[in-house]
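Heads up, the thing below is written out as structure tokens.
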Amino acid sequence: MKEPVDETGWIIKNVLSLPIVNKKEEIVGIATFYNRKDGKPFDEYDEQITETLTQFLGWSLLNTDTYDKMNKLESRKNIASEMLMYHSKCTDKELQTILKTKEMLDKDTADCEQKDMLKILQEELPDPTDVELYEFHFSDLDVSEFDLIKCGIRCFFEINAVIKFKIPADVLTRWMYTVRKGYRDITYHNWRHGFNVGQTMFTLLMTGKIKKYYTDLEAFAMITAAFCHDIDHRGTNNLYQLKSQAALAKLHGSSILERHHLEYSKTLLQDESLNIFQNLNQRQYETVVHLMEVAIIATDLALYFKKRTMFQKIVDYVEKSETEEEAIKYISSDPTKKEIVMAMMMTGCDLSAITKPWEVQSKVALMVANEFWEQGDLERTVLQQQPIPMMDRNKADELPKLQVGFIDFVCTFVYKEFSRFHKEITPMYEGLQNNRVEWKLRADEYDAKMALIEKQRKEQEEMAVKKAVNGEVEAGDEGKEGKRGGKSRTCEIF
Ligand SMILES: [Zn+2]
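Quick look at the structure:
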């Protein structure tokens, strides 16, 4: 160029222009350099260093791009959880079906004093004795799903958590209602199961006297975890999440569903109007969240076998302790032991249907089986795989035998050890043994039926052989049966 480019009089003498390429080899820009300082033309060395520079420019552009995408993704996630919360959270109208401030005081909960709300709430809750809240044989079957929400709230009053940890009445009600809504309407892992696990945790602590090893705060965390432990369960197990390449399996490497139940529970607590831990101090808050993590992950049955020996050692010590104080000191002074007992309690709660009276157990076992069979159907149709016998509805007759096996290999240890740990828990072990008798009876009946069918089949076969020997064989059967009939077996007959 001979003329200046603008009024400053700047003239372009030399130009070096290079493309800016990102890591994906795409040209994302052009870097242009004008006029070397010494006035000489650009040389090969200049090309080399500017090439390195443009390479860095390309990479940083890609990084900015990725960062931008990440921010957008984060916003999308936030919007999605906002939408989810809107639909899954207890509404003001739903809140009023339990905490009836409008009916009683003609006021919204926001305009009420806590003491007035606590009074209204407690009057609405069921009497623990009427619903057998403290009983190991408690059954939800005659209680509506709505009334179970009230029973759940009652547990927190019974352990005195409401007063001691200043849980606002509206927050507690809204939280419990929201937990109920978080459970899907599926065959077994629904709100009824979630509630039962919470109720059993409550009963183990109170009636089973395990509370003595724990602080009020820890008991509060354990019951909370138990109610939430299967929230948003999809009716299929961890292996199915893996095999079907579900998003959950991509997010969590192990204990896939359990980690999801935990994340969901923690998300609820982020909303202040649902945060039942809102009046705890920092340290208390960290304690309850930590315990919830340990307790919910412990419901992964794959982890149960690993903790059996550790629990057995604790039970051995407690059994040979001379005084109650000695046992309490042994466990309470060691956070690890407390967590082992708590983890085993979660398993005991999760499997507690197996200890219920036979009328309850037989119904619940069928629900569990149905959910398994539904997964088996999905495995056949979606994954095109043959399900294991437990999930195969064509093998439904084997249910009693499978139940006996489940009792022997998984459940017996839990309840036998718990009744050795605390004699107050013996009713659970007795219930289990009684159900084993019932299932064994049916398994034997099935075996006898199968043996009879097999016997009849053999008899028919022998009849066919006899007929063949007597020359009564039908034309079509001659090829195969005729040959067999001519074997040494025929000689035996003669
Ligand atoms: Zn469960």
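Take the sequence shown: its letters are residues 877 to 1370, numbered as in the numbering used here. Ideal Cβ placement from N, Cα and C applies to all residues, glycine included.
- Under the DSSP definition of a beta bridge, P895 partners with I906.
- A contact is defined here as three or more CB-CB pairs under 8 Å, and the stretch 1314-1332 meets this definition with respect to the stretch 1273-1289.
- Close CB contacts of D922 within its chain, under the 8 Å cut and outside five residues either way in sequence, are with L892, F909 and R912 (chain order).
- Not one heavy atom of ligand 1 sits closer than 7 Å to the Cβ of T1063.
- Excluding residues up to 5 positions away in sequence, D1016, R1056, W1067, R1068 and F1071 lie with their Cβ nearer than 8 Å to the Cβ of L1024 in the same chain.
- By a beta-carbon distance limit of 8 Å, C1225 does not contact M1052. Their separation comes to about 17 Å.
- Annotated three-state conformation of E1314 is helix, per DSSP.
- Taken atom to atom, the span from the alpha-carbon of L894 to that of T940 is near 20 Å.
- Within 7 Å of the C-beta of D968 there is not a single heavy atom belonging to ligand 1.
- Residue environment: Q1251 is assigned as buried (16 or more neighbouring CB atoms within 10 Å of its CB, all protein chains considered).
- With fewer than 16 other Cβ atoms from the protein chains shown falling within 10 Å of its own Cβ, W886 counts as exposed.
- Taking the Cα positions, A1171 is about 7 Å away from M1218.
- For T1175, the shortest separation between its Cβ and any heavy atom of ligand 1 lies below 7 Å.
- Taking every protein chain shown into account, the CB of F1153 has 16 or more other CB atoms within 10 angstroms, so this residue is buried.
- The straight-line gap separating the alpha-carbon atoms of E1200 and T973 is approximately 45 Å.
- The continuous alpha helix (DSSP H) containing T1079 extends over residues W1067 to M1082.
- The shortest CA-to-CA distance from T1185 to any of M1220, Q1075 and S1238 is the one to M1220.
- Contact between I1190 and I1207 is confirmed by a C-beta separation of about 7 Å, below the 8 Å threshold.
- A distance below 6 Å between beta-carbons, with the five flanking residues on each side excluded, links I1283 to the following residues of its chain, in chain order: R1312.
- With respect to the C-alpha of L929, the residue from N898, Q1158 and K878 having the closest C-alpha is N898.
- Every residue whose Cβ sits closer than 5 Å to any heavy atom of ligand 1 is listed here in chain order: D1106 and D1226.
- Restricting attention to V881, E1202 and I1132, the CA atom closest to the CA of A1178 is found in I1132.
- L1254 has its alpha-carbon roughly 50 Å from the corresponding atom of Q931.
- In this model, K1331 and Q1121 are separated by some 46 Å (Cα to Cα).
- Counting along the chain, no alpha helix (DSSP H) covers C988, and no H or E run does either.
- For L1118, the number of other beta carbons within 10 angstroms of its own is below 16, and it is reported as exposed.
- Excluding five sequence positions before and after P1263, the CB atoms of its chain that fall closer than 6 Å to its own CB belong to G1252 and E1255, given in chain order.
- Judged by DSSP secondary structure, T930 falls within the alpha helix (DSSP H) whose first and last residues are E920 to S964.
- Taking each of N1036, G1111, K1040 and V1047 in turn and checking the Cα distance to Y1064, the smallest one comes out for G1111.
- Only residues of its own chain outside the window of five on either side were considered, and among them Q972 and D984 have a CB closer than 8 Å to the CB of K978, listed in chain order.
- The stretch 1126-1171 contains, as complete alpha helix (DSSP H) runs of 4+ residues, the segments 1132-1146 (chain order).
- Contact between the stretch 1230-1244 and the stretch 1209-1216 is not established, with fewer than three Cβ pairs separated by less than 8 Å.
- When the alpha-carbon of K1183 is set against those of V1286, T1257 and H1166, the nearest one is in V1286.
- For A1095, the uninterrupted alpha helix (DSSP H) run begins and ends at D1092 to C1104, by DSSP.
- Collapsing the DSSP output to three states places S1015 in coil.
- Separation of T1288 and M1339 (C-alpha to C-alpha, rounded to the nearest whole angstrom) is 47 Å.
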